[in-house]
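A.B. asks: Which chain is which? The protein sequence lines are U and R, in order. Residue numbers for the first sequence follow the working numbering, so the first one is 89 and each next one is one higher. Residue numbers for the second sequence follow the working numbering, so the first one is 152 and each next one is one higher. All C-beta atoms, glycine included, are put in the ideal place defined by N, C-alpha and C. Quick one: the structure is below, and I'll ask about it shortly.
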Amino acid sequence: MNSNSGYKAFLSDQDVRWCPGCDDYIILRAFARALAAIGLPPERHVVVSGIGCASRLPYYVNTYGLHGIHGRAPAIATGVKLVHPDLYVWVITGDGDALAIGTNHFLHAIRRNLDINILLFNNEIYGLTKGQFSPTSRLDLKTRSSPQGNIQPPFHIGSLVLGADVSFFARVPGNDLNAMTKVFVEAARHKGTSVVEILQNCPVFNDGVFHPVTDKSTAVDHALWVEHGRPLIYGKDGKRGIVRDGCGLRPIRWESEQPPSEVMVHDEKVDNPSYAFALTQLSDPMVFGIIRRMRRPTYEERSQALKQKVAQSAIVHDFIRKAILQENT
Amino acid sequence: MSQLPSNSSTESSVTRIVLHIAGDSGDGIQFAGKQLTIASAHRGYAVITMPNFPAEIRAPKGSLYGVSGFQMHVGSTDIHTPGDTIDVLVAFNAAALKKALPDIPEGKIILADEDGFNPSNLKKAGFTSNPLTDGTLDNYQLITAPISKLTRQALIQTGIHSKLTQRSRNMFVLGMILWMFDLSLEETIAQLQQRFKDVPEIAQANIAALKAGWNYAETVELLQPLHLPIQENENTNAGQYTIAHGYEACVWGLLAAHKEAKRPLFFASYPITPSSDILQYIGNFLSEDVEVFQAEDEIAAIASAIGASFAGAIGTTSTSGPGFALKSEALGLAVMTELPLVVIDAQRAGPSTGMPTKTEQSDLLQALYGRNGEAPLIVLAASTPANCLEYAYWAVKLALEHITPVVLLIDAYLIMGAQRLEASALKKLPPIAPHIVSEDTTEYAPYLRNPNTLARYWAFPPMQGKMHRIGGLEKEDVSGHVSYDPENHHKMVQLRRQKVERVQQVIPPLQTEFADTGELLVLGWGSTYGSIKAAVQYLYEKGHAIGHAHLHFLHPFPKNTEQILRKFDKIVVCELNDGQLHRVLQSTFPGMKFWKYNKIQGIPFKEHELIEAFQKILTSEYSPVQHNSSS
Ligand SMILES: Cc1ncc(C[n+]2csc(CCOP(=O)(O)OP(=O)(O)O)c2C)c(N)n1
Ligand code: SF4
Ligand SMILES: [Mg+2]
Numbered sequence: 089m090n091s092n093s094g095y096k097a098f099l100s101d102q103d104v105r106w107c108p109g110c111d112d113y114i115i116l117r118a119f120a121r122a123l124a125a126i127g128l129p130p131e132r133h134v135v136v137s138g139i140g141c142a143s144r145l146p147y148y149v150n151t152y153g154l155h156g157i158h159g160r161a162p163a164i165a166t167g168v169k170l171v172h173p174d175l176y177v178w179v180i181t182g183d184g185d186a187l188a189i190g191t192n193h194f195l196h197a198i199r200r201n202l203d204i205n206i207l208l209f210n211n212e213i214y215g216l217t218k219g220q221f222s223p224t225s226r227l228d229l230k231t232r233s234s235p236q237g238n239i240q241p242p243f244h245i246g247s248l249v250l251g252a253d254v255s256f257f258a259r260v261p262g263n264d265l266n267a268m269t270k271v272f273v274e275a276a277r278h279k280g281t282s283v284v285e286i287l288q289n290c291p292v293f294n295d296g297v298f299h300p301v302t303d304k305s306t307a308v309d310h311a312l313w314v315e316h317g318r319p320l321i322y323g324k325d326g327k328r329g330i331v332r333d334g335c336g337l338r339p340i341r342w343e344s345e346q347p348p349s350e351v352m353v354h355d356e357k358v359d360n361p362s363y364a365f366a367l368t369q370l371s372d373p374m375v376f377g378i379i380r381r382m383r384r385p386t387y388e389e390r391s392q393a394l395k396q397k398v399a400q401s402a403i404v405h406d407f408i409r410k411a412i413l414q415e416n417t
Numbered sequence: 152m153s154q155l156p157s158n159s160s161t162e163s164s165v166t167r168i169v170l171h172i173a174g175d176s177g178d179g180i181q182f183a184g185k186q187l188t189i190a191s192a193h194r195g196y197a198v199i200t201m202p203n204f205p206a207e208i209r210a211p212k213g214s215l216y217g218v219s220g221f222q223m224h225v226g227s228t229d230i231h232t233p234g235d236t237i238d239v240l241v242a243f244n245a246a247a248l249k250k251a252l253p254d255i256p257e258g259k260i261i262l263a264d265e266d267g268f269n270p271s272n273l274k275k276a277g278f279t280s281n282p283l284t285d286g287t288l289d290n291y292q293l294i295t296a297p298i299s300k301l302t303r304q305a306l307i308q309t310g311i312h313s314k315l316t317q318r319s320r321n322m323f324v325l326g327m328i329l330w331m332f333d334l335s336l337e338e339t340i341a342q343l344q345q346r347f348k349d350v351p352e353i354a355q356a357n358i359a360a361l362k363a364g365w366n367y368a369e370t371v372e373l374l375q376p377l378h379l380p381i382q383e384n385e386n387t388n389a390g391q392y393t394i395a396h397g398y399e400a401c402v403w404g405l406l407a408a409h410k411e412a413k414r415p416l417f418f419a420s421y422p423i424t425p426s427s428d429i430l431q432y433i434g435n436f437l438s439e440d441v442e443v444f445q446a447e448d449e450i451a452a453i454a455s456a457i458g459a460s461f462a463g464a465i466g467t468t469s470t471s472g473p474g475f476a477l478k479s480e481a482l483g484l485a486v487m488t489e490l491p492l493v494v495i496d497a498q499r500a501g502p503s504t505g506m507p508t509k510t511e512q513s514d515l516l517q518a519l520y521g522r523n524g525e526a527p528l529i530v531l532a533a534s535t536p537a538n539c540l541e542y543a544y545w546a547v548k549l550a551l552e553h554i555t556p557v558v559l560l561i562d563a564y565l566i567m568g569a570q571r572l573e574a575s576a577l578k579k580l581p582p583i584a585p586h587i588v589s590e591d592t593t594e595y596a597p598y599l600r601n602p603n604t605l606a607r608y609w610a611f612p613p614m615q616g617k618m619h620r621i622g623g624l625e626k627e628d629v630s631g632h633v634s635y636d637p638e639n640h641h642k643m644v645q646l647r648r649q650k651v652e653r654v655q656q657v658i659p660p661l662q663t664e665f666a667d668t669g670e671l672l673v674l675g676w677g678s679t680y681g682s683i684k685a686a687v688q689y690l691y692e693k694g695h696a697i698g699h700a701h702l703h704f705l706h707p708f709p710k711n712t713e714q715i716l717r718k719f720d721k722i723v724v725c726e727l728n729d730g731q732l733h734r735v736l737q738s739t740f741p742g743m744k745f746w747k748y749n750k751i752q753g754i755p756f757k758e759h760e761l762i763e764a765f766q767k768i769l770t771s772e773y774s775p776v777q778h779n780s781s782s
């Protein structure tokens, strides 16, 4: 990996204008490192965003970038990707951008399994518009638009995207440079839509909401990092784990040396999304890492196959054919 | 107006005929109409057709609102409209007769399937007694035949099972009509074989019914008065034309431009009446560099097209009124990012859902101004089903050469109508030179402009060394960096406006037909071309100094527009809306006076109403507002 030295080439010359102390700075660095680690020249990356603090990111990376309109980045990215299936197409979006105004496009891109990578900066607030509650804000949260407390229950992002059969879903803390870098690279390598939910602290409007699961001191007992083929074990003393509980999952503790045999082993590839769904329903511990990664045909692959199967099928007059179709067809 | 020579017989043949076929929406009327159109064009006749669908998908049988109609104006001379009045009606049932009757002048021909006039059908159509027998139609040439029964008998003889017989009635009737017009069966048989090549029993049933209809018409003397061969057309240019529906011509225009420009074509859309035909048809042309994407809504359709343009393709999308409204914000993004983009809006009667299957020209102001901020773009309008090809092509050309969004306005009438398209039309298409940055540019600045056109230079991934970031935020001139500088914003707003205005330098001048100076200029745009032309021609031939000019470029206007307008004493602007172009002209040419003639009924102008309106204007003192009296 040349990511630690080469990443600066992926940063543009523009002044970065997020608030001091915002996780977005760390995410930007992790993103540039991931781009360097992928090892392709910058012109092979296209970064598309919507509107929000998060969505300013394309200006700060030295690639092709399109700062779109609120909520529509997945749709814009679809056009880019279908014209150039060989490019790496990234969508940078926020919880408001992807889950309020843009839910429609977000879910349809996932359903189609377009080979794009969606980095969702979830700060559970509208940052750019100065602190209104968002579709992921928790109940009772007091914000500028909910001075008496929020009464709209939040989306679970993971559960929502699994409902659209997402083929890659990961969750990472926005303060963990190395973990983010690694997961972004894996997301890029995955064929199909990758959604990475980044728990991003907004120190100005929603400070500390993720503290228990992202701060080193508390995270050990409240965060579970999953890895394919490894048991679902966490905790300071390694004596906490996850077992099946009816249709869902449940954390347990044990005292013995060996974990009980019911403790589950992580399998990111299972076709049925129920297991991954159950993981995303857990809040203590909060699950991090690659929760689901499986292969199903991408939209581009289906489109390619269709084009090879059917020749242009309309019957047109010869002179029209000559005018509109390439000679070799 | 019946003084129009719609049926000026010379001995045994006529120069043109308006035929109308109507029945239930499940009767295959449109399919029969399409076959008839193809057969007529194959013979070299000029045709213009107009379908009239019910809004319901499968309306109850025999009901008035379930009537599906198809009108064809066919002839050996120039034909400009689907025809004001009907010369020959073919009615499959009582409701079809009821709806068409007001448009049939006395003395004209009605051919009715008597099996469609049973008591239940008569009741549904609101007849208290049978009009075929009670004398209602005494002043018409009425011919009745038990068409359902005859079709059944013909098919039973060939051993085809009975389920197909009812559905083959349309082909029996088509056979009769082909005989009427002296058209051969060959072309239709070939079409049917091709169309139903995977279901031979249907092909067989249809062909048997077609032949039976033809034979019946020839054998039964009763039908002799219907034998109306159309005069041979001397310059038919055999093989050098095809029938084009507006939607087909749009698709061909996009594809021809794509081929000429050598850029990939990306088309995205969301179904909406009446634009869906474009989406449905273009799907037949998928290829390595033609991508067709049905999006989740109109916003996603235009947004994906913008993404495609950013990636170096010709981003295109089509929609109708309400969907066009949804695209406004993204259109603004295309204006701001200055990306090539084509939006086709097939207008329909509005506002809101309005009358989805009916035509109107009421999205002009939306196309010109319907965005937040100062957001100018190029607006074009096709005027005939066939020239949708030419203007779709021009839309792509201007988008790629000026790196800007272009709106092409068509409407329900154009997209569904059909007409002959001559091969020569394709030879007139100008070359396309996309304004792409040259490879050896080392310091790429996304908003550096061509000094003549003010177009920015298009660069796209994965071009090396041309990476750039653009978006909806205001940019600094040349560098494209985000900028909130007041002077810069002022300058950029003006540059975007001037860039569009300079398109005037390259678009064809406004033309006049008939008088090019004199008493009255009739100015129109879009699908009203045919009816205006026919009306102006009539008055011109009567000796009036009346001319017709039709705007295909609505923003910017052709350079010579004012010059043309000043050559006439009076100008009348005719539109199927409440006066949108009229309003634009008044503000663009403040010193001039414009009459207006408008119709907002969801249907095209009739020749005779225009003739009457123009006659009034020709003889009256100035009083610039002249509304359709019935509206
Ligand atoms: C059509 C439209 N509606 C509303 C806005 C205002 N707006 C801009 S960003 C935003 C919310 C952003 O929240 P989020 O996506 O969570 O991004 P963050 O700023 O928190 O990173 C809103 C409501 C807009 N730009 N466009
Ligand atoms: S408002 Fe919040 S999310 Fe936005 S830049 Fe400031 S700290 Fe970051
Ligand atoms: Mg947010």
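Taking 8 angstroms as the cut-off, does the CB of U:G109 come closer than this to any heavy atom belonging to ligand 4?
C.D. replies: Ligand 4 is not part of this structure, which contains only ligand 1, ligand 2 and ligand 3.
A.B. asks: Exposed or buried, which one is U:D228 when buried takes at least 16 other CB atoms within 10 Å?
C.D. replies: Counting Cβ neighbours within 10 Å, U:D228 comes out exposed, since fewer than 16 surround it.
A.B. asks: Counting only runs that start and end within the segment 450 to 491 of chain R, where is the alpha helix (DSSP H) found for 4 or more residues in a row?
C.D. replies: 472 to 477, 479 to 488
A.B. asks: In whole angstroms, what separates the C-alpha of R:F278 from that of R:N366?
C.D. replies: 32 angstroms
A.B. asks: So R:G753 and R:T510 are in contact, right, with Cβ under 8 angstroms, and what is the actual spacing, rounded?
C.D. replies: 6 angstroms
A.B. asks: Please confirm if U:N192 has its CB atom under 9 angstroms from at least one CB of chain R.
C.D. replies: yes
A.B. asks: Please decide whether U:L170 counts as near chain R, where near means a Cβ-Cβ distance under 9 angstroms.
C.D. replies: It does; some Cβ of chain R falls within 9 angstroms.
A.B. asks: Looking at chain R, is there any beta carbon in it that lies within less than 9 angstroms of the beta carbon of U:T417?
C.D. replies: Note that U:T417 has pLDDT 43, beneath the 50 cutoff, so the model's placement of it is unreliable and the number below is only indicative. With 9 angstroms as the cut-off, U:T417 counts as an interface residue toward chain R.
A.B. asks: Classify R:Q766 as helix, strand or coil using the three-state DSSP reduction.
C.D. replies: helix
A.B. asks: Report the option in R:L416, R:P507, R:I172 whose CA atom is closest to the CA atom of R:A122.
C.D. replies: For chain R, the structure presents residues 152 to 782; residue 122 of chain R sits outside this window and is missing.
A.B. asks: Which residue from R:W330, R:F436, R:V165, R:E372 puts its Cα closest to that of U:L394?
C.D. replies: R:F436
A.B. asks: Tell me which residues share the same chain as R:Y564 and place their Cβ nearer than 6 angstroms to its Cβ, disregarding the 5 neighbours each side in the sequence.
C.D. replies: T510, S678, P755
A.B. asks: Just by C-beta distance, which residues in the segment 150 to 171 of chain U are closer than 7 angstroms to chain R?
C.D. replies: N150, T151, Y152, G153, L154, H155, G156, I157, R160, A163, I164, A165, T166, G167, V168, L170, V171
A.B. asks: Strictly under 9 angstroms for the Cβ-Cβ distance: is U:A97 near chain R by that measure?
C.D. replies: no
A.B. asks: Would a check of beta-carbon distances place U:A411 closer than 9 angstroms to chain R?
C.D. replies: yes
A.B. asks: Note down, in chain order, every chain R residue with its Cβ under 8 angstroms from the Cβ of U:I378.
C.D. replies: Result: empty, since nearest Cβ-Cβ is about 27 angstroms, beyond 8 angstroms.
A.B. asks: When we look at the beta-carbon of R:I394 and count the other beta-carbons within 10 Å, is it buried (16 or more) or exposed?
C.D. replies: buried
A.B. asks: Can you tell which of R:K767, R:A576, R:K578, R:L727 has its C-alpha closest to the C-alpha of R:E670?
C.D. replies: R:K767
A.B. asks: Step through the CB atoms of chain U and report whether any lies within less than 9 angstroms of the CB of R:P415.
C.D. replies: yes
A.B. asks: Taking 9 angstroms as the CB-CB limit, is U:R318 close to chain R?
C.D. replies: No, no contact with chain R.
A.B. asks: Do three or more CB pairs link the segment 701 to 712 of chain R to the segment 514 to 531 of chain R at distances below 8 angstroms?
C.D. replies: yes
A.B. asks: Would you mind working out which of R:L560, R:L624, R:M643, R:K650 sits nearest R:P602, comparing C-alpha positions?
C.D. replies: Nearest C-alpha to R:P602: R:K650.
A.B. asks: Kindly examine ligand 1 and report whether one of its heavy atoms sits closer than 8 angstroms to the Cβ of U:D193.
C.D. replies: First, the residue type needs correcting, since residue 193 of chain U is His and not Asp in the sequence shown. Every heavy atom of ligand 1 is 8 angstroms or more from the Cβ of U:H193, so no.
A.B. asks: Report the three-state DSSP secondary structure of R:A696 (helix, strand or coil).
C.D. replies: coil
A.B. asks: Per the DSSP calculation, R:R209 is bridged to which residue(s)?
C.D. replies: BP columns for R:R209 are empty, so no partner.
A.B. asks: With a 10 Å radius around its C-beta and 16 neighbouring C-beta atoms as the bar for buried, classify U:N294 as buried or exposed.
C.D. replies: buried
A.B. asks: May I ask you to report which of helix, strand or coil DSSP gives R:M868?
C.D. replies: Chain R is shown only over 152 to 782; residue 868 of chain R falls outside these bounds and no answer can be derived.
A.B. asks: Using a Cβ-Cβ cutoff of 8 angstroms, what residues of the segment 589 to 621 of chain R are near chain C? List them in chain order.
C.D. replies: Considering every chain present, this structure includes no chain C. Its protein chains are U and R.
A.B. asks: Find the nearest neighbour of R:G681 within the set R:H699, R:T309, R:D667, R:Y691, judged by alpha-carbon distance.
C.D. replies: R:H699
A.B. asks: Start and end of the beta strand (DSSP E) containing R:E369?
C.D. replies: Run containing R:E369: none in the beta strand (DSSP E); it sits in the alpha helix (DSSP H), 351 to 370.
A.B. asks: Please check the pair R:H586 and R:W609, which I expect to be a contact at CB under 8 angstroms, by giving their CB distance rounded to whole angstroms.
C.D. replies: By a beta-carbon distance limit of 8 angstroms, R:H586 contacts R:W609. Their separation comes to about 6 angstroms.
A.B. asks: Determine contact between the segment 215 to 235 of chain U and the segment 342 to 354 of chain U, defined as no fewer than three beta-carbon pairs at a distance below 8 angstroms.
C.D. replies: no
A.B. asks: Considering Cα atoms alone, identify which of U:G94, U:G251, U:A161, U:M268 is closest to U:I115.
C.D. replies: U:M268
A.B. asks: Hey, is U:Y113 close to ligand 3, as in C-beta under 8 angstroms from one of its heavy atoms?
C.D. replies: no
A.B. asks: Can you tell me where the alpha helix (DSSP H) holding U:D112 begins and where it ends?
C.D. replies: 112 to 126
A.B. asks: Thinking C-alpha only, which one of R:T467, R:T504, R:G483, R:A408 is nearest U:K410?
C.D. replies: R:A408
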